[in-house]
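J.: Residue numbering for the sequence shown follows the numbering used here, starting at 1079 and increasing by one per position. Mind looking over this structure? Questions follow.
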Amino acid sequence: MESDNDRIGSKEPMKILEYSVECPVCGPKILVEEYLYEMPLVGKVLIASGTCSVCGYKFSDVRLAEPKGPRRIIYRVEKPGDENAIVIRASTASIKIPELGIEITPGIAARGYITTVEGIILDVFEKTEFLCSSGDAPRDKCLEKIRELEEARDVKKPYTIVLEDPDGVSAILSPKARIEPLNK
Ligand SMILES: [Zn+2]
């Protein structure tokens, strides 16, 4: 959290709330602490985190303090450097990358986090490598997918990040990001 904070250049966070949520693994309640950050370009952001004292499951979420209404954020990665845009992905948001056939939908135990576009690609890359090394997926498909993801990671081909958030509490921090209303 500290390095993210430094990178974004936010002011001192302020603890504003403490509450409990169910652990999706073992049931007992997790004590969650929520902090308010003031981020340049984006404004007030709420970051919540907690760890289950029984199984160690980590709960986290991040969202804009002032919801923007259901919206879709479209961001094109066209040249090296574009992948460094910061993404605030709330637990309610889904991410699609049509060119790569990627769709990340929020599950029951979805976490919200702050990352970069590159961070999203690297995350998918790791999961794909893991899946492929387990031998469950056909080898030729795996190799093709990994090659596509390597190209995306190195920005050799343009691609589009589509972030859909019915709560309007997610953001991509770039003047290039386009915003559309989301029709549910
Ligand atoms: Zn637990």
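Where is the CB? At the ideal position from N, CA and C, for every residue including glycine.
Going by C-alpha distance, which of 1163, 1176, 1200, 1186 is nearest residue 1170?
T.: Measuring from the Cα of residue 1170, the nearest candidate turns out to be 1186.
J.: Find the nearest neighbour of residue 1197 within the set 1208, 1179, 1209, 1227, judged by alpha-carbon distance.
T.: Closest option to residue 1197, Cα to Cα, is 1227.
J.: Quick check on residue 1094: buried or exposed, where buried means 16 or more other Cβ atoms within 10 Å of its Cβ?
T.: It is exposed - the Cβ of residue 1094 has fewer than 16 other Cβ atoms within 10 Å.
J.: Just how far apart, CA to CA, sit residue 1256 and residue 1153?
T.: Those two C-alpha atoms are separated by around 6 Å.
J.: Does the Cβ of residue 1106 lie closer than 7 Å to at least one heavy atom of ligand 1?
T.: Yes, Cβ of residue 1106 sits closer than 7 Å to a heavy atom of ligand 1.
J.: Flag residue 1097 as yes when its Cβ comes closer than 7 Å to any non-hydrogen atom of ligand 1, and as no otherwise.
T.: Residue 1097 Cβ: outside cutoff for every heavy atom of ligand 1.
J.: Could you check whether residue 1158 and residue 1233 sit closer than 8 Å to each other, using their CB atoms as the reference points?
T.: Result yes, Cβ atoms of residue 1233 and residue 1158 sit closer than 8 Å.
J.: Ignoring anything shorter than 3 residues, give me the beta strand (DSSP E) runs that lie fully in the region 1107-1151, in order along the chain.
T.: Segments of the beta strand (DSSP E) lying fully in the region 1107-1151: 1107-1117, 1121-1129, 1136-1142.
J.: Straight-line CA distance for residue 1236 to residue 1180?
T.: Roughly 14 Å separates the two Cα atoms.
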